[in-house]
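Every number in the numbering used here is 1 more than the matching position in the sequence shown, counting from 1.
So the structure is just underneath, and the comments pick up after that.
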Amino acid sequence: MPHFGHYEKKKAAQSKELETRPQRSFAIGDIVWYFLTTEKWNPGVITGKVGNVIFTIEDVNSGKEINVHRNNLKHRQIE
């Protein structure tokens with residue numbers, strides 16, 4: 002019978018890291034970069050929130066609104 006102690010320790014360490022990692026938080030009006038699978042990082046502004054992890058983003062260049070998961074967002078500084 003295999004011993005899974007190493008696996009359990011590794012999963013516990015990963016879980017602890019996720020619990021202590023600061024959550025990325027975003028709010029309406031935040032200036033962000035957003036990523037789509039077919040494009041590069043694009044500038045946008047958060048205009049709404051759909052659920053806990055999906056945000057409506059207005060593309061700065063085109064004015065189009067799209068829904069983006071928070072994992073595909075990062076804060077952007079205005080230069």
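Glycine included, C-beta positions come from ideal geometry on N, C-alpha and C.
Everything numeric in this text was worked out from a predicted model, so none of it was measured.
For residue i, three-class secondary structure by DSSP
i, result
"Lys65", "coil"
"Lys41", "coil"
"Gly49", "strand"
beta-carbon residue i near the ligand GDP non-hydrogen atom, thresh 8 Å
i, result
"Leu37", "Summarising the ligand content, the structure contains no ligands, and the ligand GDP is consequently not present."
Proximity to residue i [Cα-Cα], best of the options
i, options, result
"Leu74", "Val51, Val61, Ser63, Ser26", "Ser26"
"Gly52", "His70, Ser16, Pro44, Gln78", "His70"
"Ile32", "Gln15, Tyr8, Thr48, Glu40", "Thr48"
"Thr57", "Glu40, His7, Ile29, Gln78", "Ile29"
First and last residue of the uninterrupted beta strand (DSSP E) at residue i
i, result
"Asp31", "No beta strand (DSSP E) contains Asp31, which DSSP labels as neither H nor E."
"Ile55", "55–60"
Within 9 Å, strictly: CB atoms of residue i and residue j
i, j, result
"Asn72", "Asp60", "no"
"Tyr35", "Ile79", "no"
Alpha-carbon to alpha-carbon, residue j and residue i
i, j, result
"Leu37", "Gly45", "12 Å"
"Asn62", "Thr39", "16 Å"
"Gly64", "Lys17", "40 Å"
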